[in-house]
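Visitor:
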Amino acid sequence: MRRPDGQAKVRGEFSYAGDLHAEGMLHGVTLRSPHPHARLLRIDTAAARALPGVHAVLTAADVPGDLHFGLTLRDEPVLADGVVRYAGEPVAVVAAIDPRTARRAARAIVVEYEPLPAQTDPTLAADAEPLHAEGNVYRHLAYECGDPRARGVVTVENTYRIGMQDPAFLAPEAGMATPTADGGVRLEVATQWLHSDQRQIAWATGLPPEKVQVVLAGVGGAFGGREDVTLHTHACLLALATGRPVKMEYTREESFLAHRQRHPGTIWLRHSADASGRVVSVEGRVVLDGGAYASTSPVVIANTVTLLQGPYRVDNGRFEGWSVRTNNPSCGAMRGFGVPQAAFAHESQMDALAAALDLDPLEIRLRNALRRGDTATFGQRFTQPTPVREVIEGLRAVPLPPAGGKLPGGVGRASSPGSVRRGVGYAVTMKNLAFSEGHVDESTATVSLRDGHATVHCACAEVGQGFVTVAEQVARTVLGADTVTVTQPDTLIASAGSTSASRQTMASGTAVHRACVAVRDRLLARVARERGLDAGLLSIQDGAVTCDGTPLVDVAAATPGHTVRATEHFAHPPTTALGQGDVYVGFAFSAQRAVVDVDVELGLVSVVQIASCQDVGTVVNPTQLLGQIEGGIVQGMGLAVMEEVVVVDGHITNPEFQDYLIPTIVDAPEVVSVYVTDPQPGMPHGWKGVGEPPLCTAVPAVAAAVRDATGLPLPSVPIRPEHIALGIGTPPTVTRTTPRPPATTGGTALSEEPADRPGTWESEGAAGH
Amino acid sequence: MSSEADESVTFSLTVDGAAHEVTAPWSESLLTVLRERLGVRGPKTGCAHGRCGACAVRVAFEPDRADDDGHVLCSCLLPAATAAGCSVRTIASIGGPDGELSDVQEAFLAEGAVQCGICTAGFVTAATELLDTDPDPTREQIEAALYGNLCRCTGYGRIVAAVETAARTRREATP
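The listed protein sequences correspond, in order, to chains A and B.
If you read the first sequence in the numbering used here, its first letter stands for residue 1, the second for the next number, and so on.
If you read the second sequence in the numbering used here, its first letter stands for residue 1, the second for the next number, and so on.
(1) Check each candidate in Val616/A, Glu601/A, Val583/A and name the one with the smallest Cα separation from Ser590/A.
(2) Which stretch, first to last residue, makes up the alpha helix (DSSP H) that contains Val596/A?
(3) In angstroms with no decimal places, state the Cα-to-Cα distance between Gly410/A and Leu712/A.
(4) What in chain A is Cβ-close to Leu109/B, meaning under 9 Å?
(5) Give the interface partners of Ala19/A over in chain B, defined as CB-CB distance under 7 Å, in chain order.
(6) Please tell me whether Gly138/A has its Cβ less than 8 Å away from any Cβ of chain B.
(7) Per DSSP, Trp322/A forms a beta bridge with which residues?
(8) Kindly indicate which three-state DSSP category Met506/A falls into: helix, strand or coil?
(9) Report the start-end ranges of each alpha helix (DSSP H) in the segment 71-103 of chain A that is 4 residues or longer and not cut off at the edges.
(10) Confirm, please, whether the CB-CB distance from Val512/A to Val474/A is below 8 Å.
(11) When Cβ atoms are compared, which residues of the segment 325-358 of chain A fall closer than 7 Å to chain B?
(12) Can at least three beta-carbon pairs, one atom from the segment 608-626 of chain A and one from the segment 712-728 of chain A, be found at a separation below 8 Å?
(13) List, in chain order, every chain B residue whose beta-carbon is nearer than 9 Å to that of Arg252/A.
(14) Which word fits Arg335/A, buried or exposed, when buried means at least 16 other C-beta atoms lie within 10 angstroms of its C-beta?
(15) Can you round the beta-carbon distance between Thr505/A and Thr455/A to whole angstroms, since I take them to be within the 8 Å contact cut?
(16) Taking only runs of the beta strand (DSSP E) that begin and end inside the segment 211-266 of chain A, which ones reach a length of at least 3 residues, in chain order?
(17) Check whether the Cβ atoms of Ala273/A and Val154/A lie closer than 8 Å to each other.
(18) Does the Cβ of Asp521/A lie closer than 7 Å to at least one heavy atom of the ligand FAD?
(19) When DSSP labels each residue in this structure, what does Ser443/A get in the three-state scheme?
(20) Output the distance between the C-alpha atoms of Thr72/A and Ile724/A, rounded to the nearest integer angstrom.
(21) Name the two residues that bound the continuous beta strand (DSSP E) containing Met430/A.
(22) Return helix, strand or coil for Arg396/A, following the three-state DSSP convention.
(23) Using 8 Å as the threshold, is the C-beta distance between Ser93/B and Asp16/B below it?
(24) Exposed or buried, which one is Pro715/A when buried takes at least 16 other CB atoms within 10 Å?
(25) Under a three-way DSSP split, which group does Pro209/A fall into?
(26) Please tell me whether Ala144/B has its Cβ less than 8 Å away from any Cβ of chain A.
(27) Counting Cβ pairs closer than 8 Å, one from the segment 161-171 of chain B and one from the segment 133-141 of chain B, do we hit at least three?
(28) If you follow the beta strand (DSSP E) that Leu552/A is in, where does it begin and where does it stop?
(29) The beta strand (DSSP E) spanning Val190/A covers which residue range?
(30) Considering Cα atoms alone, identify which of Glu442/A, Val517/A, Ala168/A, Ala17/A is closest to Pro684/A.
(31) Against chain B, does Thr30/A count as a neighbour if the rule is that its beta carbon must be under 8 Å from one of theirs?
(32) In the DSSP assignment, the beta strand (DSSP E) including Gly175/A goes from what residue to what residue?
(33) Output yes if chain A places a C-beta closer than 8 Å to the C-beta of Val160/B; else output no.
(34) With distances taken Cα to Cα, identify the nearest neighbour of Ala204/A among Gly224/A, Thr123/A, Gly65/A, Tyr113/A.
(35) With DSSP as the reference, identify every bridge partner of Cys116/B, one or two as the case may be.
(36) Grouping DSSP H, G and I as helix and E and B as strand, with all else coil, what is Gly28/A?
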């Protein structure tokens, strides 16, 4: 089935948030701090207000409700309040008759700053002067399982670094707010989570939530970067202040400054294994730089720390992590949500172990593969399908590509063939699906059917992933509908949660499925009543109501002029806090093999092919599934070898596509995608989330392939040309250890107090404490 | 505060076959003129620096010459006044007036080359010029024609497949 919004999109007629327009609308712009850390001594808006065409200039003093917002901690001011904590923090907003006048007015605002020292080293943040009343540690967590001091015959350890990645959705943030007759406001905006926006706008405007209506405008990509509020509240405040519609649209540079990035991180890992390659113990420590405000930093750190074990059975270990506040750009959700960082580190370690024991990289992974019934280091049992061996075997069956192909160096093919080496690398990962740690993961859908036409209403944000296709497919399949309309999501229906965490097919898809089943049952009951038949014998097949297999009447003609409607809710079984039971709703597993050609002189990498075998539950829509796999893989290879937000002294030095390099069509590898289908229990058709695993796995797979081609340790991503050409990067420390069996077994124990301080990375001894 | 860049000029421009008189600051980009002054919103703003191709349009600088079929360029980079007298074709010129799809549009839809779609008009515009020039492009030629267009959703696999499908369709339709 084709995308229902595809016709308008290929014709250029689909309306995006940036296309919003209303008669008499004003244009809003944002004045941002040039300093990563400074006291605000004075703001004078008089000159800006006096400019012709300027309708409003707002600062923190003009926010009528609660100044603070945020997805977890409410620690971020809508407009800077006495102090700015990152370069790009909004200080004032302006509404004027056109963008040029608004920008001129923003420049006319006088702000006196007293620059303060910028705290930009996350490893020092925990012990540094607090940057905020809420402190500098967003979250610290530490736990042990079994006996972390257990050792095998070989122990490898290293410190891995992961750079900051920008979601880089192609349509910059945009939205338009309009005052409503009841004194409220209506916001059309490109977002991932309408109800979260509604709640946070209500805080700042002081309006009751029902007077803040959020409607989805056309979204040009998201990848986590639209989960937080950016211009949403500003546009609403300006509309309420002026009584006119106010549109805001960021430039690309502003988009880099304003939305949350993927957390850069430093991960120390020590793995010990026996002679057969079985992992005996794992110890790990993580510091993620959360930047100036919390966003989802307290949640992301739990993903990184708990998934350091990878898709492998680990009975003994200790794990610890911090996400901390600095004066760097704020970090939050991006596709993978803390797991790509963990995956890069644990897969690098598996290869180091394999090399130390002279084992095949797939063989060591097979020997450690999790199985259904195993228990995670964080105490959760894997009770659902856990096809780790299956994805590895499925990957192994894909033939290698032939030698040759395009040379490294982009469209210019700058390499000389004599210095090009081919490398092959493998990675296997585990990604948690849906919300975690007690955050309710739910959705609601209303479906109506009249004369064969189905209408689906759900607050699930379509951001490009194709929920509209899934919803239509379900309505056609269950109801036999001829035509389906998926209405534009809004806050008039209950929350569907965020379009993130690979969760919307599972949550909103299931809510739509339940609503369709309820509509079908009501329709069949009515047909049965009218015709004196047993409803139990009726079903819908190929667009017709059938009785015991015999077609009775087309669905479109079954109950003429009558609308059948149902609203249904879905929630996953509840999860719990870490250490108290099931932390996660479920998991997906993925294996990839990357083949690269590397010019070892110039340090240039061409990713030739990535083969993927992913655990997908069931194939709902083959085209969209492949789109998620290919798109995720290319974002992952971007993080592995191309993309990095470079932050120097708190300033982003490359907030443009000319210096922040996202993969082009020349950089993208051929993708070969095969699947393991093992239906997910409790889900219609056994479907499960698929969007994040391909990215998580591509990062370590590409890095492993570049290591194979170069023989270099390459402990940091993105791998830069100089890392290859100059051989930069410390190899893992390999120690032959005396085996020490675990003194205790089982159990996951949390510790409140830090076992270590962050920042002691280089002082570890391989043999352990 | 006024500068030379703010000085307005008036010029004529043909967009998707319709003639317009435009008065705009001379430095204003063709993209801004199309979107904000003429309400032509098919070309999109992705970066405004010529790096993403979402704003791609096909411009014939000498539309009276039979051999000027136009070239694809980033409308965000072109001061609109320098396009005075030009013929600009946007995505609205591709495909029929009543919703019919061109072979390239059809292939993009059929192959799953569209996700969020913000890059799609630019890709379809660039791929159309490619196939108008070369109906049987190699993989390398497809990449060379499209590397100025960024897509963040698809990973490009389905886009390459769509261009190859459209080329095949076009070759089969032309005896």
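Each residue gets a CB set at the ideal place from its N, CA and C atoms; glycine is no exception.
Guide: If we stick to the structure as given:
(1) Minimum Cα distance to Ser590/A is reached at Val616/A.
(2) Unbroken run through Val596/A is the beta strand (DSSP E), 584-599; no alpha helix (DSSP H).
(3) If you take the alpha carbons of Gly410/A and Leu712/A, they lie about 22 Å apart.
(4) Arg2, Arg3, Gly6, Gln7, Lys9, Val10
(5) For the sequence presented, residue 19/A should be read as Asp rather than Ala. Here the neighbours are Arg41.
(6) Strictly speaking, residue 138/A in this sequence is Tyr, with Gly absent from that position. Output row for Tyr138/A: interface = no.
(7) Per DSSP, the beta-bridge partners of Trp322/A are His140/A, Val287/A.
(8) Reduced to three states, the DSSP call for Met506/A is helix.
(9) The segment 71-103 of chain A contains no whole alpha helix (DSSP H) run of 4 or more residues.
(10) yes
(11) none
(12) no
(13) Thr45, Gly46, Cys47, Ala48, His49, Arg51, Cys52
(14) buried
(15) With 8 Å as the limit, Thr505/A and Thr455/A do not qualify as a contact, their Cβ atoms being about 20 Å apart.
(16) DSSP runs (the beta strand (DSSP E)) wholly in the segment 211-266 of chain A: 212-216, 246-249.
(17) The answer is yes: Cβ separation under 8 Å.
(18) No copy of the ligand FAD appears in this structure; indeed no ligand is present at all.
(19) strand
(20) 40 Å
(21) 420-436
(22) helix
(23) yes
(24) buried
(25) Here Pro209/A carries a helix assignment [DSSP, helix/strand/coil].
(26) Chain A has a Cβ within less than 8 Å of the Cβ of Ala144/B.
(27) yes
(28) 550-554
(29) What sits at residue 190/A in the sequence shown is Ala, not Val. Per DSSP, Ala190/A belongs to no beta strand (DSSP E) and is neither H nor E.
(30) Val517/A
(31) no
(32) Its beta strand (DSSP E) spans residues 174-179.
(33) yes
(34) Ranked by Cα distance from Ala204/A, the options Gly224/A, Thr123/A, Gly65/A, Tyr113/A are led by Gly65/A.
(35) Cys116/B pairs with nothing; no bridge assigned.
(36) strand
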